[in-house]
Amino acid sequence: MSTGDADPAAGDDEGPGLYVESTIIMTTVRLVAPFILTFALFIMFHGADSPGGGFQGGVIAGSVVMMLAFAYGIDSTRQWLDVRVVSALASGGVFAFVGIGLGAMALGGQFLQYAEFEALFGHAIKYAIELVELGIGAIVAAVAIGLFFLLAAGFDGVAEGDSS
Amino acid sequence: MTLSLIEAVLLVFVLGCAVGAALLKDTLAAVMAFAAYSLGVSVLWLVLQAPDVGLTEAAVGAGIMTVLFLLALSNTASPDVDRLFESIGWQTAALVAGFVLLVGATVPALPAIGDPNSAVVGGEVTQYYLENAYDQTEVKNAVTAVLAAYRGFDTLGEGVVVFSAVVVTLSVLRREVVA
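If you're matching them up, the sequences are chains A and B in order. Quick note, the first sequence lines up with residues 1 to 164 if you use UniProt numbering. Quick note, the second sequence lines up with residues 1 to 179 if you use UniProt numbering.
Structural data, given as structure tokens:
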């Protein structure tokens, strides 16, 4: 990172030797990250027709953020990726899944009875399954990213919380 | 049952890594042995023609878990290691040997790989899924059809469990998601 303000902040939270600035790693990550994210989405979407699915694709999508964190420093990545994005991903996934279930009920079927969506568009079951996989992927990716940032930040927060 | 060369090599590799993960005294070395074990098991799943499980094992076991372990290690003090392996008491060795014998005794009860007469393949439910999955869901991967359609309610439960696990972890450790 060329910005001067990111480095002192990184030194606060990260243990010594946890982050080494390396042009080779940064360039490699910059080149590879879009492809890995595409591969994660491919695993999520194509999980219907080939091995894979929401859980696997979500983990791969989460690992993209971890890779960025190793290249550019965990603290900079944490500032770049808003808290609200991660929590919105996790809860959005649950809401999407439940929403599909309730939507089927609203159309007169039973909970998660995808066939009811056939009234709205063709191949309803297939598209509903794809949406469900995408929702699972969002949950799993957000959980992986959240746990990663949580462990990277250390457990100082516990002591602070207890003393206050 | 005969083992092909690749299966035998993988089994030896996985067993070696598992023993290493349990016995290595240095935590970092143990984590690495565990990651290698996960990778070996995921390839083993592929050889056994369970690519969905293999993909999950590779992504979660060898990938995310290793990263989280390493992060946790970097946040804790690591004691000096004076020798390569843990010393083992004879009680522990006897207990582990007994457990291995107990579990190993159930192995002959498993059906052979690809046995057409095994209970899982011949089961009514399995046959129903295999015959009707594509017609009913238009999804070619029967595993996904079962996960997301036939057992969609179970999968919703799984998703909510993962979600609540992270919510509980975050609130117990009293941290905002990204601090």
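A virtual CB, placed ideally from N, CA and C, is assigned to each residue, including glycine.
Closest by C-alpha distance to residue i, when choosing among the options
| i | options | result |
| --- | --- | --- |
| ALA125 of chain A | B:THR137, B:ALA112, B:GLY122, B:LEU170 | Note that residue 125 of chain A is Ile in the sequence shown here, rather than Ala. With distances taken between Cα atoms, ILE125 of chain A lies closest to B:THR137. |
| MET44 of chain A | A:ILE139, A:ALA152, A:GLU130, A:LEU151 | A:GLU130 |
| SER87 of chain B | B:GLY157, B:GLY122, B:ASP26 | B:ASP26 |
| GLY62 of chain A | A:ALA141, A:LEU37, A:VAL98 | A:ALA141 |
| VAL65 of chain A | A:PHE42, A:PHE35, A:GLY53 | A:PHE35 |
| THR144 of chain B | B:LEU70, B:ALA50, B:PHE85 | B:ALA50 |
| VAL139 of chain B | A:VAL143, A:VAL98, A:ALA128 | A:ALA128 |
| VAL32 of chain A | A:ALA153, A:ILE60, A:GLY53 | A:ILE60 |
| THR92 of chain B | B:ALA8, B:THR169, B:SER4, B:LEU23 | B:LEU23 |
| CYS17 of chain B | B:ALA105, B:MET32, B:SER4, B:ILE64 | B:MET32 |
| LEU120 of chain A | A:PHE111, A:VAL20, A:GLN110, A:GLY103 | A:GLY103 |
For residue i, the three-state DSSP class (helix, strand or coil)
| i | result |
| --- | --- |
| PHE85 of chain B | strand |
| LEU24 of chain B | strand |
| THR66 of chain B | helix |
| residue 189 of chain B | Nothing can be reported for residue 189 of chain B, as the shown portion of chain B is limited to 1 through 179. |
| GLU21 of chain A | coil |
| ASP5 of chain A | Below a pLDDT of 50, predicted positions are generally treated as unreliable, and ASP5 of chain A, at 40, falls in that range; the measurement from the model is reported next regardless. In the structure shown, ASP5 of chain A sits in coil (DSSP, three-state: anything other than H, G, I, E or B). |
| GLN79 of chain A | helix |
| HIS46 of chain A | helix |
| LEU112 of chain A | coil |
| SER91 of chain A | helix |
| PRO34 of chain A | helix |
| ALA119 of chain A | helix |
| GLU138 of chain B | coil |
| ALA119 of chain B | helix |
C-alpha distance - residue i paired with residue j, whole-angstrom precision
| i | j | result |
| --- | --- | --- |
| PRO116 of chain B | GLY122 of chain B | 7 Å |
| VAL125 of chain B | GLY98 of chain B | 36 Å |
| MET67 of chain A | VAL100 of chain B | 38 Å |
| ILE24 of chain A | THR66 of chain B | 22 Å |
| TYR72 of chain A | ALA109 of chain B | 52 Å |
| ASN141 of chain B | ALA138 of chain A | 21 Å |
| ALA48 of chain A | ARG83 of chain B | 50 Å |
| VAL29 of chain A | VAL83 of chain A | 23 Å |
| LEU89 of chain A | ILE74 of chain A | 20 Å |
| VAL43 of chain B | TYR37 of chain B | 10 Å |
| residue 241 of chain B | ALA35 of chain B | Look at the range of chain B in this structure, 1 to 179, and you will see that residue 241 of chain B is not part of it. |
| GLN79 of chain A | PHE149 of chain A | 11 Å |
| MET1 of chain A | PHE70 of chain A | Because the pLDDT of MET1 of chain A is 38, which lies under 50, any placement of that residue in the model is unreliable, and the question is left without a value. |
| ALA149 of chain B | MET105 of chain A | 15 Å |
| GLY58 of chain A | GLY135 of chain A | 9 Å |
| LEU29 of chain B | ALA21 of chain B | The amino acid occupying residue 29 of chain B in the given sequence is Ala; Leu does not appear at that position. Each residue's Cα considered, the two are about 8 Å apart. |
| LEU147 of chain A | GLN113 of chain A | 33 Å |
| LEU95 of chain B | VAL103 of chain B | 12 Å |
Cβ-based burial, residue i [other Cβ within 10 Å; buried from 16]
| i | result |
| --- | --- |
| GLY157 of chain B | exposed |
| GLU116 of chain A | buried |
| ASP52 of chain B | buried |
| VAL161 of chain B | exposed |
| THR27 of chain A | exposed |
| VAL172 of chain B | exposed |
| VAL146 of chain B | buried |
| TYR134 of chain B | exposed |
| PHE97 of chain A | buried |
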